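**Student:**
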Amino acid sequence: MFTRRSANRRHLVAERSSPSFVGKRPGLQRPTAFIFPAAGAVLAIVAFPTAYAVFLSLTDNNLISPVQHFIGLGQYRAALADPIFARSVINTFALATIALNLELLIGLGLAQLITSRVRTRSAWQALLMVPLMVPPVLAGYQFKWIFNPDVGVVNDALYSLTGSVHSINWLVDVPLGWISILVAELWIGIPFVTIVLIAGMLSISPEYLQAAEVDGANGWQRFRYVTLPLIGPFIWIAMALRSLDVGRLYDIVRIMTGGGPAHRTETLWTYIGQEATFDGAIGYAAAMSVMVSALSVAFSLLIFVNLFRARAAKA
Amino acid sequence: MTRTVGTQWRWLSSGIAAITLLAACGGSGGSSTGSASAANCNGVQLNAAFLSGGPYDQIFTNIPVWEKQTGATVTVAIKGAGGDFFPSVLQALATGSPQLDITSEHTSFYQQAIAYLAPLDSYFSKSDLSLFYPSMISAGTSNGHLWLIPRHLDVGALYYRTDLFNNPTEQANFQAKYGYPLAPPTTFAQFKDMAEFFTRPGQGLVGSSLPGKAEEPLLGRFNELLVGFGGQFLSADDKSSAFNSTAGTQALQYIRDLYKAGAIPSATANMSFGEQDTLFTNGKTAFLDNFPYALSIYQDPKQSKVSTNVGIADNPGGPSGHVSWGGAHAWAVAKRSQHPACAASLIKFLTSPSNMLSEAKLGFLPPRSDVAQMLSDQTTDPQGKARLQLYQQIVAKEFLAVPATPQWVPLANKLTPIIQQVMLGDVSVQDGLSQMASQANVLLKQ
């Protein structure tokens with residue numbers, strides 16, 4: 078039987094047996110050679126900088142001094158003993174946990190709502206794209222202005238509604254600083270999650286939902302036992318991408334609070350950025366980056382394992 | 027002493043003609059040393075890092091004149107504004123990427139990059155430097171070498187709303203409440219009284235403001251208060267902190283009290299220079315300590331609702347007298363430069379009276395007494411003359427440079443969050459001061 082796969086295989090065999098397509102070095106064949114440009118790019122963009130960062134993390138490199146010394150794991154020990162680094166790890170994970178859960182819950186609700194609005198669905202989807210088109214730096218400035226205690230619209234609205242002139246320190250007080258950052262993060266994150274979930278919901282064959290309805294399932298049961306399992310892979314994709322986004326959160330926090338005041342809203346990358354860029358403590362910042370990168374890789378692996386499980390369950 | 031600045035300076039046509047003539051001649055205004063002036067720069071390309079925006083961009087008009095004179099070319103490798111510029115320059119100087127020859131620097135920040143700068147002693151004679159304010163030359167001198175040539179003054183002064191301070195009702199109310207006349211504050215105690223007096227939440231008015239966001243300004247202001255109260259930031263050998271003292275306690279307590287009284291905005295701990303300028307130009311602040319750049323913003327009717335009501339006065343003083351923190355924006359030559367004599371020649375050109383005057387016309391305060399005199403002679407505005415006199419007095423008698431350590435910027439980044447904690451009431455003044463001293467000593471030992 079002729080299939081596309083068998084045709085491709087015959088074509089490859091023909092290519093390999095042709096003298097012009099056989100590599101000059103034994104074992105180096107054309108398909109392998111094709112990988113070199115991409116592998117080279119990955120090496121240049123990822124592997125070399127990572128290796129260099131690991132090297133720097135083992136030195137006392139500081140921009141103030143032109144000489145550096147190998148100090149082994151000294152920077153790692155310093156980072157593990159640094160209470161601000163520990164706080165920024167906790168802050169980042171707490172923010173990611175809250176933000177991702179809220180984005181998923183609100184995104185699911187919005188996606189369900191929008192997919193049921195057949196006539197206005199496209200308009201809603203277009204509207205959801207707007208926050209995604211705004212660079213995070215500008216979003217940071219936007220929300221910094223919105224939450225400004227003296228000239229911001231939130232306090233102005235509260236003054237108008239309550240008649241009180243008490244200034245609420247949105248970007249200074251605990252936990253208001255975090256709430257302000259969370260709102261900004263949700264403003265960017267929810268539309269993305271919603272769009273991915275809408276795509277997932279639209280991929281579900283209507284027959285499944287109709288069959289469940291015939292079997293007497295109510296709206297919640299159809300969502301819980303049909304829709305939710307079938308969009309599982311989409312949920313994990315959305316969460317994987319968003320967790321990486323929140324994990325590397327920098328611009329919005331840098332603009333809105335700078336990680337402060339008094340490290341109150343410090344996240345991993347605002348702290349690492351501060352150490353590297355403004356203090357010039359490159360070795361120390363590199364050590365923290367290596368540890369954070371290792372954590373990120375572990376977290377990503379966890380998410381992708383779950384993604385593959387969800388895909389297997391769907392299949 | 028108070029000065030009011032209310033109108034644009036008017037320039038005599040003869041003065042402008044003189045500037046043009048001097049610029050065309052590339053006059054140095056002083057006797058020149060051999061090496062920088064005689065450098066053969068024909069065909070040389072200099073890579074530069076330049077601060078940009080507003081009056082800073084005047085150099086892009088001036089530099090082509092030098093290029094024509096020498097046959098050299100200047101390529102701008104880094105151009106920026108704001109707080110990110112100096113860290114970018116430090117990275118470039120340290121890594122050599124891009125390789126720089128000449129850079130904009132600042133007396134407050136250059137010590138962090140001193141290992142990558144070339145000493146300028148051999149390019150500028152005593153005669154070349156004789157007309158610069160000595161305090162500014164001193165701020166750019168370290169370890170017995172000259173590293174910077176000042177470009178324009180960046181020293182604090184008090185900016186205040188004349189419509190509030192000259193209002194008879196306000197004056198009467200203040201006199202009745204505090205027992206002395208309302209006038210721009212001359213002491214720390216008066217500053218606090220007036221900041222509290224003008225704080226009126228119902229009217230959207232706050233007495234004063236402080237850029238309390240992370241990085242340098244808050245520590246700079248703390249240092250200013252510390253010295254005003256009679257303290258010192260570093261020990262005599264610059265190897266350890268000396269601010270954990272009675273004066274340090276008073277300085278930190280002063281900041282805490284201002285915040286606690288609501289006399290500075292509740293958002294102070296997250297406030298940048300730009301944000302405090304916005305408050306002032308929107309008529310929401312009565313007075314503040316700020317740097318010379320602010321005047322052109324405060325007096326610009328397009329940006330400021332109080333443009334015709336801006337006064338300048340000397341900063342208030344403490345028991346040890348008046349202190350004005352700051353320094354000067356300046357020029358430096360990179361150690362890696364292959365053409366340091368040409369870079370020095372360009373600096374000599376850029377700091378010539380003609381070029382300084384062209385920048386001063388746009389708002390910069392010249393760091394040379396001869397240029398300040400030319401400026402004063404050419405303006406018919408008495409308030410403009412008074413501003414120049416005020417700054418001459420400040421740089422001569424009250425100027426406070428940042429402590430002489432390469433760790434000043436890292437110190438600012440480590441200590442500012444602790445000052446913020448004290449200000450917000452998270453830790454006590456004494457605990458905060460102890461933490462600051464402990465952190466500072468760790469950094470100073472590095």
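Just so you know, the sequences run in chain order Z and S. Per the working numbering, the first sequence starts with residue 78, numbered consecutively. Per the working numbering, the second sequence starts with residue 27, numbered consecutively. For glycine and all other residues, C-beta sits at the position ideal for the given N, C-alpha and C. As the structure is a computational prediction, the values presented were derived from the model and not from experiment.
(1) Ignore the nearest five residues each way along the sequence and tell me which others in SER460/S's own chain have a CB closer than 7 Å to its CB.
(2) Would you kindly work out how many angstroms separate the C-alpha atoms of PHE385/Z and PRO310/Z, rounded to a whole number?
(3) Is the separation between the beta-carbon of PRO345/S and that of GLY288/S shorter than 8 Å?
(4) Please identify the residue among LEU321/Z, ARG325/Z, VAL367/Z and GLY186/Z whose C-alpha is closest to the C-alpha of PHE300/Z.
(5) When burial is assigned at 16 or more other CB atoms within 10 Å of the CB, is ALA339/Z buried or exposed?
(6) Taking 7 Å as the limit between beta carbons, can you name the residues of its chain near PRO208/Z, skipping five residues before and five after?
(7) Please confirm whether TYR185/S has its beta-carbon closer than 8 Å to some beta-carbon of chain Z.
(8) So which residues of chain Z does LYS328/S contact, with C-beta pairs closer than 8 Å?
(9) Just checking my contact of TRP255/Z with LEU172/Z at CB under 8 Å: how many whole Å lie between their CB atoms?
(10) Examine chain A for any beta-carbon lying closer than 8 Å to the beta-carbon of VAL115/S, and answer yes or no.
(11) At which residue ranges does the region 367-397 of chain S contain complete beta strand (DSSP E) runs of 3 or more residues, listed in the order of the chain?
(12) Hey, would you say MET162/S sits closer than 8 Å to VAL359/S, going by beta carbons?
(13) Quick check: what's the CA-CA separation for GLN201/S versus LEU321/S?
(14) Give the DSSP-derived three-state secondary structure of TRP357/S in the structure shown.
(15) Step through the CB atoms of chain S and report whether any lies within less than 8 Å of the CB of ASN383/Z.
(16) Identify the contact partners of TYR142/S in chain Z, using a Cβ-Cβ distance below 8 Å as the criterion.
(17) For a contact meaning CB atoms closer than 7 Å, what does ASN246/Z contact in chain S?
(18) Extract the residue ranges of the alpha helix (DSSP H) inside the region 204-268 of chain S, only unbroken runs of 4 or more that lie entirely within it.
(19) So what's TYR142/S in DSSP terms, helix, strand or just coil?
(20) With 8 Å set as the bound, which would you pick, yes or no: does the beta-carbon of GLN152/Z sit closer than that to a beta-carbon of chain S?
(21) With a threshold of 16 other CB atoms inside 10 Å of the CB of GLY108/S, please say whether the residue is buried or exposed.
(22) For VAL333/Z, which residues from the same chain have a beta carbon less than 7 Å from its beta carbon, with the 5 sequence-adjacent residues on both sides left out?
(23) List the whole-angstrom C-beta distance separating SER235/S from LEU155/S, where the pair is believed to meet the contact cut-off of C-beta under 8 Å.
(24) If you reduce the DSSP assignment to three classes, tell me which class ASN295/Z lands in.
(25) Using a Cβ-Cβ cutoff of 8 Å, what residues of the region 334-355 of chain Z are near chain S? List them in chain order.
(26) Going along the chain, which residues of its own chain have a beta-carbon closer than 7 Å to the beta-carbon of PHE224/Z, five neighbours each way excluded?
(27) For SER388/Z, count neighbouring C-beta atoms within 10 Å of its own C-beta (all shown protein chains included) and say buried if the count is 16 or more, exposed if not.
(28) Give, in chain order, every residue of the region 440-469 of chain S whose Cβ lies closer than 7 Å to some Cβ of chain Z.
(29) From which residue to which residue does the alpha helix (DSSP H) around ILE163/S run?
(30) Taking only the alpha-carbon atoms, compute the straight-line gap between ALA144/S and LEU244/S and give it to the nearest angstrom.
(31) Between SER142/Z and ALA427/S, which are expected to be in contact by the criterion C-beta below 8 Å, what is the C-beta distance as a whole number of angstroms?
(32) So does the region 351-364 of chain Z actually touch the region 129-136 of chain Z, counting three or more Cβ pairs closer than 8 Å?
(33) Express the C-alpha separation of PHE125/Z and GLU390/S in angstroms, rounding to a whole number.
(34) Of all Cβ atoms in chain S, is any one closer than 8 Å to the Cβ of LEU326/Z?
(35) Any idea what DSSP makes of VAL455/S, helix, strand or coil?
(36) Measure the Cβ-Cβ separation of PHE224/S and TYR280/S and say whether it is below 8 Å.
**Tutor:** On the basis of the data shown:
(1) ASN270
(2) In this model, PHE385/Z and PRO310/Z are separated by some 8 Å (Cα to Cα).
(3) no
(4) GLY186/Z
(5) buried
(6) TRP264, ILE265 and PRO268
(7) False, the Cβ-Cβ gap to chain Z never drops below 8 Å.
(8) Result: empty, since nearest Cβ-Cβ is about 18 Å, beyond 8 Å.
(9) Contact holds; Cβ gap of about 7 Å.
(10) Protein chains Z and S are contained in the structure displayed, whereas chain A is not.
(11) none
(12) no
(13) 29 Å
(14) In the structure shown, the three-state DSSP call for TRP357/S is strand.
(15) no
(16) PRO143
(17) Those are SER292 and ALA293, listed as they occur along chain S.
(18) 214-223 and 242-254
(19) helix
(20) For GLN152/Z, the answer is no, since every Cβ of chain S falls outside 8 Å of its Cβ.
(21) exposed
(22) The sequence as given places Met at residue 333/Z; Val does not occur at that position. The residues are GLY217, PHE220, LYS221, LEU248, SER257, ILE258 and ALA261.
(23) In fact, because the Cβ distance is near 36 Å, the residues do not count as touching under 8 Å.
(24) coil
(25) For the region 334-355 of chain Z, the set of positions with a beta-carbon nearer than 8 Å to some beta-carbon of chain S reads THR334, GLY335, GLY336, GLY337, PRO338, ALA339, HIS340, GLN351, THR354 and PHE355 in chain order.
(26) VAL231, TRP247, LEU248 and SER257
(27) The sequence as given places Arg at residue 388/Z; Ser does not occur at that position. Flag for ARG388/Z reads exposed.
(28) Per Cβ criterion, the list reads PRO443, GLN446, GLN447, LEU450 and ASP452.
(29) 160-165
(30) 30 Å
(31) Their Cβ separation, rounded to whole angstroms, is 22 Å, which puts SER142/Z and ALA427/S out of contact at 8 Å.
(32) yes
(33) A quick correction: the sequence has Phe, not Glu, at residue 390/S. Distance between the alpha carbons of PHE390/S and PHE125/Z: 46 Å.
(34) No, LEU326/Z lies away from the interface with chain S (no Cβ there is under 8 Å from its Cβ).
(35) helix
(36) no
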